[in-house]
Amino acid sequence: MAAVHAGLKGTLAGVLTRAVEKLCEQGCEPQNLMVAIGPAMGPCCYELAEPQLAEIAQNPALASGLRWHQNQPVNPLAQRPQAAARQQGVWFDLPALATHLLVAGGCAGCADR
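FYI, in numbering that gives the first Met the number 0 the residues of the sequence shown are 0 to 112.
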């Protein structure tokens, strides 16, 4: 069992995939892994500057997992006011990127990379 906090910087630095690698090194079978993601900032409240998004998109391992919106999505379940735009950026979906890295990549410990 592992509890891992990554955030954007940690996700980009490979914290999630390294955690899976370590579990596999200790004998965990990839088909027995169960992953839960959350709570996490969703695209309704996570504004990211476009230059930062462009830099992330240059990494082929991350590019296909990127999801964002030009206009801020409305969260109908919001319990408090959503974040206000501050940098004319894009609305970034960090949980989608984390999911992509963990699901599409398979087990980083035993997959060919």
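All residues carry an ideal CB built from backbone N, CA and C; glycine is no exception.
For ASP92, the closest C-alpha among the options ARG85, VAL34, ARG79 and SER63 is that of SER63.
ALA84 is a Cβ neighbour of GLU46, given a cutoff of 8 angstroms.
Residues of the same chain with a CB within less than 8 angstroms of the CB of TRP67, apart from the 5 flanking positions on each side, are PRO42, LEU47, LEU52, VAL89, TRP90, PHE91 and ASP92 in chain order. One alpha carbon belongs to VAL19, the other to VAL34, and they sit about 10 angstroms apart. The alpha-carbon of PRO75 is positioned some 17 angstroms away from that of PRO38.
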